[in-house]
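Participant:
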Amino acid sequence: ARPHRVHAWTECSRKMIMVGGEPFRRFVIDAVEKDLAVAIDQGGLYGSGTSGEVLGIANVSGIGSFSGASLGYGGMCEAETDVASANAEGPYTWAMSPATKSLLRQRVKIASQPSYLIEPDGTSLGHRVADSSSVTDGHILFGSFKYVHLFFWGAGLDVFINPYVKDIERLVTALHPDS
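Residue numbers (the working numbering): 825 to 1003.
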């Protein structure tokens, strides 16, 4: 695998930077870091593996997927069986969007029994349920995420201020791997 770059940027006036001081600078950097984290999550989950993108989990051949719109107890049991049959070591985790998690919290596990696909303790079939807005609504991933590794090279997070643009400082933040 080769390194990939990701970046985020924002614009603000020089005056705002000067008046806002360190708290404003920290606010801008935090916002850009959050944007970078979302981009890294989305690439790790759904990257195409082409045009400079990483190959995301959902696009790896042999990875099964499920639809939250029609998923029932039997389908979740089947997912657990498929992952265990592939000799993946636990702990296992369900990953889904907040909307899908809400839907499955309300979906009855077995008719005539007062239990739901996601239990009040935040588990399903005894496995943790994680939600992230980076997971597409209606899409569910299940597996052992301890095998997912992201490596970062170089200095990590670099913040650059463009001093050449009149009245606007462009704060460009990038993860620059050694390449």
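All residues carry an ideal CB built from backbone N, CA and C; glycine is no exception.
From the DSSP output, in three-state form, read off Gly899 for me.
Facilitator: Translated into positions along the sequence shown, residue 899 becomes position 75. Here Gly899 sits in helix by DSSP.
Participant: Please report how far the alpha carbon of Ile853 lies from the alpha carbon of Asp982, in whole angstroms.
Facilitator: For the purposes of this step, residue 853 is taken as the residue at position 29 of the sequence shown. For the purposes of this step, residue 982 is taken as the residue at position 158 of the sequence shown. Rounded to the nearest angstrom, the two C-alpha atoms are 10 angstroms apart.
Participant: If you draw a straight line from the alpha carbon of Arg929 to that of Asp955, how long is it in whole angstroms?
Facilitator: Walking along the sequence shown from the start, residue 929 turns up at place 105. Walking along the sequence shown from the start, residue 955 turns up at place 131. Approximately 12 angstroms between the Cα atoms of the pair.
Participant: Identify, in the order they occur along the chain, each residue of the same chain with its Cβ nearer than 6 angstroms to the Cβ of Val959, setting aside the five sequence neighbours on each side.
Facilitator: Indexing the sequence shown from 1 puts residue 959 at position 135. Closer than 6 angstroms at Cβ, skipping near neighbours: Ala919, Met920 and Ser921.
Participant: Excluding the 5 residues flanking Leu965 on each side, which residues of the same chain have their C-beta closer than 6 angstroms to its C-beta?
Facilitator: In the sequence shown, residue 965 corresponds to position 141, counting from 1. The residues are Ala919.
Participant: Could you check the C-alpha separation between Ala912 and Leu974 for me, to the nearest Å?
Facilitator: Position 88 of the sequence shown, counted from the start, is the residue given in the question as residue 912. Position 150 of the sequence shown, counted from the start, is the residue given in the question as residue 974. Here the alpha carbon of Ala912 sits roughly 19 angstroms from the alpha carbon of Leu974.
Participant: Residue range of the beta strand (DSSP E) that Val953 falls in?
Facilitator: For the purposes of this step, residue 953 is taken as the residue at position 129 of the sequence shown. Taken as a continuous stretch (DSSP letters only), the beta strand (DSSP E) holding Val953 covers His951 to Asp955.
Participant: Does the segment 931-947 come close enough to the segment 854-864 that 3 or more CB-CB pairs lie under 8 angstroms?
Facilitator: Between the segment 854-864 and the segment 931-947, the count of C-beta pairs closer than 8 angstroms stays below three; the two stretches do not touch.
Participant: Going by other Cβ atoms of all chains shown within 10 Å of its Cβ, with 16 needed for buried, is Tyr971 buried or exposed?
Facilitator: Here residue 971 corresponds to residue number 147 of the sequence shown, with the count starting at 1. By the neighbour-count rule (16 or more Cβ atoms within 10 Å), Tyr971 is not buried but exposed.
Participant: What is the DSSP secondary structure of Val856, counted as helix, strand or coil?
Facilitator: Residue mapping note: residue 856 aligns to position 32 of the sequence shown, counting from 1. Val856: helix per DSSP, three-state reduction.
Participant: Give me, in chain order, the residues of the same chain whose beta-carbon lies closer than 8 angstroms to that of Cys901; leave out the 5 immediate sequence neighbours on both sides.
Facilitator: Counted from its first residue, the sequence shown places residue 901 at position 77. Cβ within range, chain order: Leu949.
Participant: Flag Ala919 as yes when its Cβ comes closer than 8 angstroms to any non-hydrogen atom of the ligand ADP, and as no otherwise.
Facilitator: Among the ligands in the structure shown, none appear at all, so the ligand ADP cannot be discussed.
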